[in-house]
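Residue numbers (the UniProt record's numbering): 1 to 638.
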């Protein structure tokens with residue numbers, strides 16, 4: 001294993017040898033109304049908790065503190081919406097004024113510390129203000145991705161039981177208007193728990209009908225006297241963020257106030273190399289963990305300027321929109337998902353649009369949300385001319401677990417296909433199915449030795465047993481991530497995807513991620529998915545679904561033969577890879593993750609309901625037709 005540089009090695013070793021001392025030092029970087037009594041402790045359930053006895057307010061850290069430090073005139077938030085043709089800037093002083101008044105309006109509606117507030121909005125400044133206003137009052141917000149279907153929204157309403165729901169009248173998906181209010185009204189009708197009020201932010205392109213006595217105009221709340229920050233316990237929840245689960249009941253990841261603030265403040269400097277006054281452009285949605293951590297809270301707590309983007313990586317108006325935004329606002333860091341880069345690569349394979357913009361201030365492109373295949377990594381590195389850093393984390397962790405920490409001097413450089421090294425605070429291990437560490441190069445289950453550092457979920461919302469069963473029981477003393485991967489001889493970690501994306505072909509356990517890496521390297525392939533479908537002879541066998549780059553004229557039979565040969569040469573005949581189908585697009589969640597399990601169920605003829613998070617359910621019909629034409633899968637074999 002290569003020798004790791006002293007600044008990183010020392011920080012990581014110190015964080016594991018004496019976690020309490022390490023994080024107590026980091027906690028001194030934020031403002032406390034009352035200092036913690038204990039840095040690390042356990043609660044009555046035996047779960048680890050950080051900074052017990054400390055009192056603080058996350059909104060104060062994100063806004064008020066910076067005015068005290070003389071940053072009131074600095075730009076805090078930049079809003080750029082190519083879908084509406086709108087741009088706006090807000091200084092720290094202006095954002096504080098809006099937030100304090102909106103918090104006063106929420107208080108007048110009866111919102112008190114500990115109450116829940118659901119936010120059902122797109123990437124607009126009013127949503128950021130709503131999040132910060134809840135934090136200001138000590139209320140617990142839960143952002144639900146704008147446009148979620150009514151039954152799914154109803155489940156979240158019943159689970160969180162919000163006093164108030166804040167919603168936009170609608171959103172824009174490229175040139176399509178999505179009215180949110182009818183979905184919200186239907187969800188409230190379905191839900192057992194009814195909010196006392198809904199606050200509606202009317203947008204010019206879609207006006208919502210108001211329900212007298214229940215609905216309040218967003219602008220009316222801004223007329224209220226400003227509310228002061230409410231000190232809360234470090235262990236009090238800041239927000240609930242729902243993530244996919246295996247049952248019908250939504251799984252609410254809880255984030256506390258103290259650990260969250262300390263972890264994000266540390267990560268902005270150590271992981272992303274950002275200092276107060278720097279600009280980060282995080283091309284994500286506030287409905288996801290990335291949006292919470294690195295559009296809203298992380299940059300603002302750290303005194304940075306953050307860019308809120310309402311649009312898509314392509315067709316708003318073209319595949320150069322990310323580069324335009326980064327150049328216009330002088331971003332030092334862009335953070336997005338690999339799927340966004342693949343969409344850009346598909347539309348602009350030669351990367352010509354990058355040359356239209358001055359990206360002289362850009363230092364790194366960070367990618368997360370799913371594994372970045374080496375082909376995408378290489379394309380982005382060559383197109384942008386800056387380091388491309390794939391890093392790994394989850395909704396549950398709230399901030400990176402593996403990364404190349406650009407804020408710590410002389411880190412080993414990024415490596416294609418790797419998510420880097422363990423971030424200080426995380427003791428990441430690769431375990432076999434008996435819970436024993438495996439040797440370098442051996443694929444296993446990715447787990448993190450307890451305690452998890454600050455910022456990670458302490459439990460699930462009102463479901464300690466599900467938290468224990470889902471994450472802790474499999475290997476006592478470890479958090480089980482649900483992902484598979486390996487560590488190479490130099491200490492780099494490679495995350496290969498969810499454990500259920502490992503397939504068993506005639507007794508051989510094979511990674512679909514490894515096969516996808518090979519397919520994505522083909523010059524005609526923009527993106528791909530490899531599924532393990534049922535096979536009467538071998539148990540499972542892999543098939544590939546590929547999306548072509550724009551301008552590629554290769555035929556399906558020719559491409560299929562080339563890809564079959566590629567898999568055979570690199571993995572062997574044991575993979576039994578025989579089918580590669582060209583499709584127009586792949587089904588994804590709105591955060592960009594390919595729905596491999598759904599595709600597998602479709603091919604196998606299983607009954608399934610399209611996931612609530614799917615970006616466009618019609619894609620499944622297109623792929624069903626392609627599978628049927630080719631006679632691939634148990635449901636379609638002729």
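Even for Gly, the Cβ is constructed at its ideal location relative to N, Cα and C.
Pick out whichever of 558, 82, 396 has its Cα sitting closest to the Cα of residue 456.
The option with the nearest alpha carbon to residue 456 is 396.
Here's a check: name, in chain order, each residue in its chain whose Cβ is nearer than 8 Å to the Cβ of residue 515, leaving out the five neighbours to either side.
Within the same chain, residue 515 has close Cβ partners 530, 542, 544, 567, 571, 575, 577.
What is the DSSP secondary structure of residue 59, reduced to helix, strand or coil?
Reduced to three states, the DSSP call for residue 59 is helix.
Report the partner residues of residue 379 according to the DSSP bridge assignment.
In the DSSP output, where bridge partners are listed per residue, residue 379 has none listed.
Check whether the region 149-166 and the region 112-121 touch, using three or more Cβ-Cβ pairs below 8 Å as the test.
Yes, they touch.
Candidates 10, 198, 38: which alpha carbon is nearest residue 216's?
The residue with the shortest Cα to Cα distance from residue 216 is 198.
Can you say whether residue 240 is buried or exposed, counting buried as having 16 or more other CB atoms within 10 angstroms of its CB?
The residue in question, residue 240, is buried, as its Cβ has 16 or more Cβ neighbours within 10 Å.
Taking DSSP as the reference, what is the three-state secondary structure of residue 43?
DSSP, read as helix, strand or coil, puts residue 43 in coil.
Endpoints, the alpha helix (DSSP H) within which residue 131 is located:
Run containing residue 131: 125-137, per the alpha helix (DSSP H) assignment.
Run the CB neighbour count on residue 467, radius 10 Å, all protein chains shown included, and call it buried at 16 or more, exposed below.
Buried.
Pick out the complete beta strand (DSSP E) segments inside the UniProt domain "AMP-binding enzyme C-terminal" (514-593), 3 residues or longer, and give them in chain order.
Taking only runs of at least 3 residues, the beta strand (DSSP E) segments lying wholly in the UniProt domain "AMP-binding enzyme C-terminal" (514-593) are 525-535, 539-548, 579-582.
Three-way DSSP call (helix, strand, coil) for residue 141 in this model:
If DSSP states are grouped into helix, strand and coil, residue 141 belongs with the strands.
Suppose contacts are defined by Cβ-Cβ distances below 9 Å. Is residue 642 in contact with residue 105 by that definition?
Nothing in the structure corresponds to residue 642, since the chain is present only between 1 and 638.
Here's a check: name, in chain order, each residue in its chain whose Cβ is nearer than 7 Å to the Cβ of residue 62, leaving out the five neighbours to either side.
Within the same chain, residue 62 has close Cβ partners 132, 297, 300, 301.
Between which two residues does the alpha helix (DSSP H) containing residue 620 stretch?
Note, residue 620: alpha helix (DSSP H), 618-630.
Can you tell me where the beta strand (DSSP E) with residue 88 in it begins and where it stops?
Where residue 88 is concerned, the enclosing beta strand (DSSP E) stretches over 86-91.
Whole-number beta carbon distance between residue 366 and residue 344, since they are thought to touch under 8 Å:
Actually they are not in contact, since the Cβ atoms of residue 344 and residue 366 sit about 15 Å apart, beyond 8 Å.
Just the Cα atoms here: how many angstroms apart are residue 7 and residue 525?
Between residue 7 and residue 525, the C-alpha separation is close to 40 Å.
Limits of the alpha helix (DSSP H) - the one that residue 342 falls within:
First-last of the alpha helix (DSSP H) with residue 342: 338-347.
Ignoring anything shorter than 4 residues or poking outside the region 347-414, list the alpha helix (DSSP H) runs there in chain order.
Fully enclosed alpha helix (DSSP H) runs of 4 or longer: 374-384.
How would you write the range of the beta strand (DSSP E) that residue 112 sits in, first residue to last?
Where residue 112 is concerned, there is no enclosing beta strand (DSSP E), given that its DSSP letter is neither H nor E.
Within a Cβ cutoff of 7 Å, which residues of the same chain sit near residue 256, ignoring the five residues on either side of it in sequence?
Correct list, in chain order: 234, 235, 236, 237, 238, 458.
Using only the alpha-carbon positions, how far apart do residue 64 and residue 355 sit?
Their Cα atoms are separated by approximately 40 Å.
With which residues is residue 449 paired in a DSSP beta bridge?
Per DSSP, 427, 478.
Alpha-carbon spacing of residue 123 relative to residue 251, whole angstroms:
Rounded to whole angstroms, residue 123 to residue 251 spans 23 Å at the Cα level.
Whole-angstrom Cβ separation of residue 591 and residue 288, contact assumed at under 8 Å?
The Cβ separation is near 5 Å, so the contact holds.
Given that a residue counts as buried once 16 or more other Cβ atoms are within 10 Å of its Cβ, and exposed if not, what is residue 424?
By the C-beta density criterion, residue 424 is buried, having at least 16 other C-beta atoms within 10 angstroms.
Select from 375, 243, 231, 140 the residue whose C-alpha is nearest the C-alpha of residue 528.
Nearest of 375, 243, 231, 140 to residue 528, Cα basis: 375.
For the beta strand (DSSP E) that contains residue 495, what are its first and last residues?
For residue 495, the enclosing beta strand (DSSP E) has its first and last residue at 493-498.
Around the C-beta of residue 594, are 16 or more other C-beta atoms found within 10 angstroms, so that it is buried, or is it exposed?
Residue 594 comes out buried.
Bridge partners of residue 116, per DSSP?
The partner list for residue 116 (beta bridge, DSSP) reads 140.
Please list, in chain order, all residues of the same chain as residue 246 whose beta carbon is under 6 Å from its beta carbon, the five residues on each side excluded.
At residue 246, the pLDDT of 46 sits below 50, so the modelled position is not reliable; the number obtained from the coordinates is stated separately. So the list is empty, once near-sequence residues are dropped.
Coil, strand or helix - residue 217 by DSSP
Correct three-state label for residue 217: strand.
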